[in-house]
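Chains as they are written, first to last, in numbering that gives the first Met the number 0: chain H, 0 to 323; chain E, 0 to 341; chain L, 0 to 304.
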Amino acid sequence: MIAFMIRRLFQALIVIFIISVIGFAIKQSVGDPVRELTGISVSEEERVEFREKLGLNDPWYVQYGRFFGDAIQGDLGTSFFYKRPATEVILEKAPATLELVFVSSLIILLFSVPLGVFSAIKPDSLFSRALMGSSIVGVSIPVFLTAIMMVYLFSIKLSWLPSYGRGELVMLGGWGTGLLTLDGWLHILMPSVALSSIMLPLFIRLIRSEMMEVLESEYIKYAWAKGLTHRRVWFVHAFKNTLLPVITVGGVQLGVTIAFTILTETVFQWQGLGFMFMEAVERSDAPLLVAYLMFVGIVMVGVNTIVDLIYGLVNPTIRIAGVK
Amino acid sequence: MSSIRSYIRANGMTSLLEVKDLVIKFALRTGEVTATNGVSFTLEKGERLGLVGESGAGKSVTGFSIINLISKPGYIASGEVNFLGEDLARVSDERIRSIRGNRISMIFQDPMMTLNPVLTIGTQMTETLHQHNPQMSKAEARAIALDKLRKVYIPSPEKRLGQYPHEFSGGMRQRIIIAIALLTDPELIIADEPTTALDVTIQAEIMELLMELCETEDMGLILITHDLAVVAQVTQNIAVMYAGSVVEKGPTAQVVADPQHPYTQGLIAALPQSSGHGERLNQIPGMMPTLKNIPPGCSFNPRCPHVMEVCKQQVPSLRSGKNSNLAACHLYPPEKDNPSAR
Amino acid sequence: MNRLDKFRQSFLWYSFKRDKVAIACLLVLLILVLTAIFAPLIAPYNPYDPEMIDIMNSEIPPAWEAEGGTEFLLGTDSQGRDMLSTMIYGMRISIIIGLGAVALQAVLGVLIGLFAGYHGGRLDAFFMRAADVQLSFSYLMVAIFMSAILQAVVGVAKFGEIAIPFLVLVIGLSQWPQYARTVRASVLAERKKEYVEAARVAGFTSSRIILDQIFPNTLSPILVLSTIQVANAVMSEAALSFLGLGMPIDRPSLGSLINSGFELIFSGAWWITALPGLLLVILVLSINMLGDFLRDVFNPKLYKG
């Protein structure tokens with residue numbers, strides 16, 4: 000277990016290193032920091048001098064070393080647009096996205112487990128068939144389309160729910176939360192449902208197929224032969240084994256969810272990281288792009304490492320990932 | 000053994016298990032397939048019976064049908080499974096569950112696949128006890144589990160209870176499964192090829208352990224296997240199955256020494272030790288038919304050295320051969336009123 | 000027995016004949032693909048021809064609405080282009096990118112999977128770690144990022160010109176691990192079998208064994224995976240285009256059309272978003288359902304994730 004953890008952490012460090020190299024490369028190729036910082040009304044000599052002062056004439060590895068050193072201290076440069084440290088902008092926008100991901104994960108978890116398990120143990124029931132039919136329709140509708148349809152129906156036609164923004168926020172320290180007001184919940188409802196609209200059917204199908212595979216196994220047949228009740232066989236013997244692959248895939252899918260936040264936030268003008276990212280793309284705000292890359296990269300690596308460690312804890316026979 | 004049997008019959012006692020005309024079918028997408036076609040045998044208290052045959056002969060499915068646990072799409076189409084006079088093929092789910100793992104235990108073929116990988120041995124043992132004795136305390140269950148682990152010679156059982164299946168070797172796991180089978184002091188154990196997945200050296204150990212326990216605990220045993228040598232070692236009676244039917248029944252020693260059905264004769268001739276040193280092994284020519292295309296008449300007729308015209312038309316019933324064995328073969332005259340010869 | 004007879008006797012054909020949903024999906028898909036191939040013949044207008052576009056015609060609703068006319072059956076978009084024609088051409092682009100991207104990832108993934116699986120050792124370990132790492136990052140995220148950076152570097156106008164090959168490349172490159180892992184798993188299973196051992200003993204070279212003996216056995220998982228992946232690639236392209244990181248609006252795919260119509264639904268012009276959206280869903284859904292059907296028939300071991 001210890002060796003397993005060390006290997007995992009080591010791998011995480013390598014990946015973070017690779018991300019930082021990519022981030023550095025982006026920083027070098029997008030935009031000219033001198034122009035962004037000084038404006039156009041500066042003479043050529045001053046500009047050369049400025050380049051020297053910023054260390055832009057140093058060899059690339061020296062520059063990378065500086066970049067990495069700053070990054071470790073939380074300094075990812077200054078946003079061209081906001082004229083503030085990129086890290087600060089990221090931290091200000093992060094709560095919106097994290098709350099969105101949290102609520103939609105909650106929706107996914109709450110519905111996928113019972114529905115997936117049910118359709119696995121009663122595969123021939125009408126409900127399961129209907130569920131499987133609608134789930135394939137669900138995975139075929141892009142997230143942004145679901146979001147737009149919801150806006151059209153619930154905001155424009157019915158005027159039930161607000162179509163953009165986060166609503167009334169409550170400040171908790173530096174964290175502006177929308178989860179403590181009714182208005183906040185009304186605002187987060189549609190974005191979070193839209194965000195979970197593809198993941199939910201995907202998870203239902205995953206849990207179902209894994210559980211059905213487990214139910215075919217010898218040890219389940221043996222559990223029946225021991226005279227155990229349906230409850231015990233399904234929810235202790237089968238479900239625990241279903242969890243293992245679901246945890247692994249769940250970790251991967253969380254990464255996909257972050258990509259989907261960009262789409263959802265764009266439709267709902269949700270003031271989170273995804274929205275900020277698209278704005279940064281339009282404005283060629285390189286430091287902010289790099290900061291976003293680093294932040295998302297670290298979050299993903301963190302989540303994946305945690306997922307692997309949980310997997311190691313749940314599974315008594317730790318099989319190193321990849322050797323399934 | 001036959002003396003015990005006649006004693007029991009004479010005194011009007013019910014047999015431990017009486018399987019009667021059992022027909023098991025599989026409802027496949029492409030049509031129905033018959034897995035067993037009228038299997039009958041009886042087992043007395045404490046008796047050990049060997050159910051022998053090639054893979055696909057229907058012996059495993061017969062074993063599982065006793066506790067009504069045939070995998071879908073299989074089902075019991077007709078026949079009875081009388082366990083101490085109660086037809087288990089027809090009782091409620093609730094009732095059969097109270098018998099499974101309690102009064103009839105099963106031992107599966109592959110110990111590597113049988114135990115749940117994410118539950119400790121202790122959990123998998125005590126859950127059976129709690130299931131069948133809801134009022135039993137944790138300490139009591141643990142004590143019983145430890146006792147049974149000692150019975151199957153697992154060293155330091157206290158430590159072992161907290162471990163997971165992958166921490167045990169195959170032979171150890173099969174011992175644990177035997178210990179689980181013993182937990183509730185069942186009247187009958189059904190062992191489906193309990194040693195095939197194990198190393199040869201461990202096979203004998205496990206078989207010996209199983210036989211010893213059946214004797215000391217006075218349990219009935221149905222040993223399902225393709226290995227005649229093992230059956231000869233452990234059981235008192237044999238039922239030989241071929242293509243879904245019992246083709247020969249009788250006391251083990253007599254079936255092995257003087258088989259009556261040509262199929263059994265072929266099986267025994269094919270055993271390595273029966274042919275002399277350096278000679279070729281005798282094989283039965285041909286293959287057992289698959290369930291989908293069992294030939295008309297006696298299902299063995301295409302491979303039978305003594306095949307006659309009648310064999311291709313009429314299914315032979317069980318009848319006495321030249322000794323007291325019952326054989327389903329037209330070589331012997333049929334009996335009208337032999338109750339067990341059906 | 001020729002190949003056609005063989006196919007007719009296969010389980011695939013047997014199951015297909017009995018599955019009305021699968022037949023319907025294949026029909027729908029065939030119609031869509033043929034429409035896309037023959038777009039210039041079928042579409043009533045050429046959306047790429049500025050001569051045929053009149054800004055005065057913009058935002059005309061479909062024919063069945065009160066203000067709609069018979070001139071534009073499904074209405075027009077904000078630039079006055081005929082919706083039906085633009086959608087047909089857009090679907091054409093979506094399908095081209097989808098198929099191209101899948102072809103790329105399949106070639107890459109299958110080659111890596113075959114050789115890594117067969118040779119094992121360090122090469123195998125390296126590729127599988129790389130696959131692990133890449134899979135742990137969402138492919139869509141990677142694609143979004145690469146597009147965003149490229150757009151920032153070369154500028155929006157230049158990006159529009161190279162959009163198609165770039166999207167094929169970016170979606171193709173981000174999904175090879177799916178194939179590599181699936182193929183590798185079947186190679187590992189096949190490699191243990193006796194016929195491979197026999198071929199090796201008989202002195203065949205390893206590349207011969209891989210291509211002649213092992214590769215054919217990986218075909219059915221590849222087929223199932225490819226179907227699902229085409230649907231995924233079409234969805235990814237749509238997502239990128241919706242974000243403005245894919246096809247430009249003067250040569251729109253279904254995704255960019257939906258994007259261009261999104262702002263207008265607030266003013267009531269729902270069709271510019273809804274109709275391409277519907278077409279996209281029908282396209283993806285029919286591919287997905289065929290994929291499900293194939294998966295049920297072949298029941299291969301696919302890599303999840």
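No residue lacks a Cβ here, since even glycine has one placed at the ideal position from N, Cα and C.
Remember, predicted model here, so these are calculated numbers, not experimental data.
Residue i versus residue j: straight-line alpha-carbon distance, rounded
i, j, result
"Ile319 (chain H)", "Val266 (chain H)", "With a pLDDT of only 38 at Ile319 (chain H), under 50, the local geometry of the prediction cannot be trusted, and the value read off the model is given with reservation. Between Ile319 (chain H) and Val266 (chain H), the C-alpha separation is close to 40 Å."
"Leu289 (chain L)", "Val223 (chain L)", "9 Å"
"Ile21 (chain H)", "Val14 (chain H)", "11 Å"
"Val142 (chain H)", "Phe259 (chain H)", "7 Å"
"Ser255 (chain L)", "Gly120 (chain L)", "45 Å"
"Ile370 (chain E)", "Val90 (chain E)", "Because chain E is modelled from 0 through 341, residue 370 (chain E) falls outside the range shown and cannot be assessed."
"Phe6 (chain L)", "Val296 (chain L)", "14 Å"
"Tyr13 (chain L)", "Ile206 (chain H)", "29 Å"
"Ser283 (chain H)", "Val27 (chain L)", "42 Å"
"Gln202 (chain E)", "Thr194 (chain E)", "5 Å"
"Thr304 (chain H)", "Ala11 (chain H)", "7 Å"
"Ser154 (chain H)", "Met189 (chain H)", "10 Å"
"Leu365 (chain L)", "Gln228 (chain L)", "Only positions 0 to 304 of chain L appear in the structure, and residue 365 (chain L) is not among them; the question remains open."
"Cys24 (chain L)", "Met148 (chain H)", "24 Å"
"Ser137 (chain L)", "Leu107 (chain L)", "18 Å"
"Val255 (chain H)", "Ala228 (chain E)", "59 Å"
"Tyr117 (chain L)", "Val195 (chain L)", "11 Å"
"Val248 (chain H)", "Thr61 (chain E)", "40 Å"
"Gly285 (chain E)", "Arg302 (chain E)", "6 Å"
Alpha helix (DSSP H) segment containing residue i, residue limits
i, result
"Ile143 (chain E)", "137-150"
"Pro49 (chain L)", "That residue, Pro49 (chain L), is in no alpha helix (DSSP H); it is neither H nor E in DSSP."
"Leu220 (chain E)", "It is not in any alpha helix (DSSP H) - Leu220 (chain E) instead sits in the beta strand (DSSP E) that spans 219-224."
"Ala252 (chain E)", "251-256"
"Asn258 (chain L)", "253-261"
"Met21 (chain E)", "First, the amino acid is wrong: residue 21 (chain E) is Leu here, not Met. Premise fails: Leu21 (chain E) lies in the beta strand (DSSP E), 16-27, not in any alpha helix (DSSP H)."
"Thr113 (chain E)", "110-113"
"Ile286 (chain L)", "270-297"
Neighbouring residues, chain L, relative to residue i (Cβ below 8 Å)
i, result
"Leu292 (chain H)", "Phe144"
Under 8 Å from the C-beta of residue i: neighbouring residues of chain H
i, result
"Gly100 (chain E)", "Ala224, Lys225, Gly226, Leu227"
"Gln130 (chain E)", "Lys225, Gly226, Leu227, Thr228, Arg231"
"Gln150 (chain L)", "Val280"
Enclosing beta strand (DSSP E) for residue i [first to last residue]
i, result
"Val51 (chain E)", "47-51"
"Asn169 (chain H)", "The sequence given here has Val at residue 169 (chain H), not Asn. That run of the beta strand (DSSP E) goes 169-171."
"Leu187 (chain E)", "187-191"
"Ala326 (chain E)", "325-327"
"Glu79 (chain E)", "73-82"
"Val239 (chain E)", "236-241"
"Val38 (chain E)", "30-42"
"Ser104 (chain E)", "103-106"
Closer than 7 Å at the beta carbon, the chain H residues around residue i
i, result
"Gln133 (chain L)", "Within chain H, no residue comes near Gln133 (chain L); the closest Cβ sits about 10 Å away, beyond 7 Å."
"Asp184 (chain E)", "Here the premise fails: no neighbours, minimum Cβ distance about 14 Å."
Interface partners of residue i on chain L, CB under 7 Å
i, result
"Gly22 (chain H)", "Within 7 Å Cβ-Cβ: nothing; Gly22 (chain H) doesn't reach chain L, min ~10 Å."
"Ile309 (chain H)", "Per Cβ cutoff of 7 Å: no residues; Ile309 (chain H) is ~14 Å from chain L at best."
"Tyr151 (chain H)", "Ile264, Trp269"
"Asn303 (chain H)", "Ser135"
"Ala2 (chain H)", "Within 7 Å Cβ-Cβ: nothing; Ala2 (chain H) doesn't reach chain L, min ~16 Å."
"Gly254 (chain H)", "Ser135, Phe136, Ser137, Met140"
Per-residue contacts from residue i into chain E (C-beta, under 9 Å)
i, result
"Glu209 (chain H)", "Near Glu209 (chain H) there are no residues of chain E at all, since even the closest Cβ is about 13 Å away, more than 9 Å."
Residues sharing a beta bridge with residue i, DSSP
i, result
"Asp81 (chain L)", "L:Thr75"
"Met275 (chain H)", "DSSP lists no partner for Met275 (chain H)."
"Leu317 (chain E)", "E:Ala327"
"Pro294 (chain E)", "According to DSSP, Pro294 (chain E) bridges with nothing at all."
Item to check | Three CB pairs or more closer than 8 Å across the stretch 77-88 of chain E and the stretch 244-258 of chain E | outcome: Under the three-pair Cβ rule at 8 Å, the stretch 77-88 of chain E does not count as touching the stretch 244-258 of chain E.
Next on the checklist: Taking contact to mean 3 or more Cβ pairs, one atom from each stretch, closer than 8 Å, check whether the stretch 20-29 of chain E and the stretch 55-69 of chain E are in contact.
Outcome noted: With the rule of 3 Cβ pairs closer than 8 Å, the stretch 20-29 of chain E counts as touching the stretch 55-69 of chain E.
Checklist entry - Is the number of C-beta pairs between the stretch 116-129 of chain H and the stretch 172-181 of chain H that are closer than 8 Å three or more? => result Taking a contact to require three or more Cβ pairs closer than 8 Å, the stretch 116-129 of chain H and the stretch 172-181 of chain H do not qualify as touching.
Checklist entry - So, do the stretch 202-214 of chain E and the stretch 167-174 of chain E have three or more beta carbon pairs nearer to each other than 8 Å? => result Touching, yes.
Checklist entry - Counting Cβ pairs closer than 8 Å, one from the stretch 70-85 of chain H and one from the stretch 280-294 of chain H, do we hit at least three? => result Yes, they touch.
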